[in-house]
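Q:
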Amino acid sequence: MSVSYEIDRRSGVILSRATGRVTCEDMLGMSKTAINDTRRGSPYRELFDLRDVVEYDIDGDGIKKLVSYLTSRGELVRFGRVAYVPSKDMVYGIGRMFEACGSDIPLEFMVFRDFNQASSWVGISLPEKSL
127 MSVSYEIDRR SGVILSRATG RVTCEDMLGM SKTAINDTRR GSPYRELFDL
177 RDVVEYDIDG DGIKKLVSYL TSRGELVRFG RVAYVPSKDM VYGIGRMFEA
227 CGSDIPLEFM VFRDFNQASS WVGISLPEKS L
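Going by this note's numbering, the first residue of the sequence shown is number 127, and it counts up by one from there.
#1: Using the Cβ count rule (16 or more neighbours within 10 Å means buried), how would you classify Met153?
#2: Which residues share a DSSP beta bridge with Arg143?
#3: To the nearest angstrom, how far is the alpha carbon of Asp185 from that of Ser130?
#4: Checking 8 Å against the spacing of the C-beta atoms, do Val208 and Leu192 come in under that value?
#5: Assuming Ser142 contacts Glu181 under a Cβ cut-off of 8 Å, what Cβ separation, rounded to an integer in Å, is found between them?
#6: Looking only at DSSP bridge pairs, what is Asp183 linked to?
#7: What three-state label does DSSP hand Gly249 in the structure shown?
#8: Just the C-alpha distance for Gly188 and Cys227, rounded to the nearest angstrom, thanks.
#9: Between the Cα of Lys158 and the Cα atoms of Ser251, Ser194 and Phe238, which residue gives the shortest distance?
#10: Rounded to the nearest angstrom, what separates Glu201 and Arg166 at their Cα positions?
#11: Looking at the unbroken alpha helix (DSSP H) that takes in Arg222, where does it start and where does it end?
#12: Out of Met156, Ala160 and Ala244, point me to the one whose CA is closest to Tyr82's CA.
#13: Count the other C-beta atoms from every protein chain shown that fall within 10 angstroms of the C-beta of Asp215, then say buried if there are 16 or more, exposed otherwise.
#14: In this structure, does DSSP put Gly138 in helix, strand or coil?
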């Protein structure tokens, strides 16, 4: 699978990582698992490393599916923060589209170019190559 996660024990932050080719089904499957993982902290916080994504196969309909799912799980993500850190312009642009379409999701979502800024924003300090 091209998308995986672990949970930082001290902070409860979800540390997600995507590599290679990523599809909407990959993202949706990982989101469903991570949101319901009882080891995660509250409020919901996720640092998503997308710097090794080669192909991001998510279109407008895929973004709508992800937004719809996260909106339906509002009670589990309320007051949370999700930081995306892509390296490719296309992945950055799709993240910004998600950010714009996700205004009904009860969490903050931001796309970052800088890994350290993203990790600080979700409340964790990690070395840049740690994910």
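No residue lacks a Cβ here, since even glycine has one placed at the ideal position from N, Cα and C.
A: Let me spell this out:
#1: Per the 10 Å Cβ criterion, buried.
#2: The bridge partners DSSP lists for Arg143 are Ser130 and Asp175.
#3: Taking the straight line from one Cα to the other gives about 21 Å.
#4: With contacts defined by Cβ atoms closer than 8 Å, Val208 and Leu192 do not form a contacting pair.
#5: Wrong, their Cβ atoms sit about 17 Å apart, outside the cutoff.
#6: Its beta-bridge partners are Thr149.
#7: In the structure shown, Gly249 sits in coil (DSSP, three-state: anything other than H, G, I, E or B).
#8: A straight line joining the alpha-carbon of Gly188 with that of Cys227 spans about 11 Å.
#9: Comparing Cα-Cα distances from Lys158 to each of Ser251, Ser194 and Phe238, the minimum goes to Ser194.
#10: So the alpha carbons of these two residues sit roughly 14 Å apart.
#11: First-last of the alpha helix (DSSP H) with Arg222: Asp215 to Cys227.
#12: The requested residue 82 does not occur in the structure, where the chain is confined to residues 127 to 257.
#13: Around the CB of Asp215, fewer than 16 other CB atoms lie within 10 Å, so the residue is classed as exposed.
#14: In this structure, Gly138 counts as coil in the three-state DSSP scheme.
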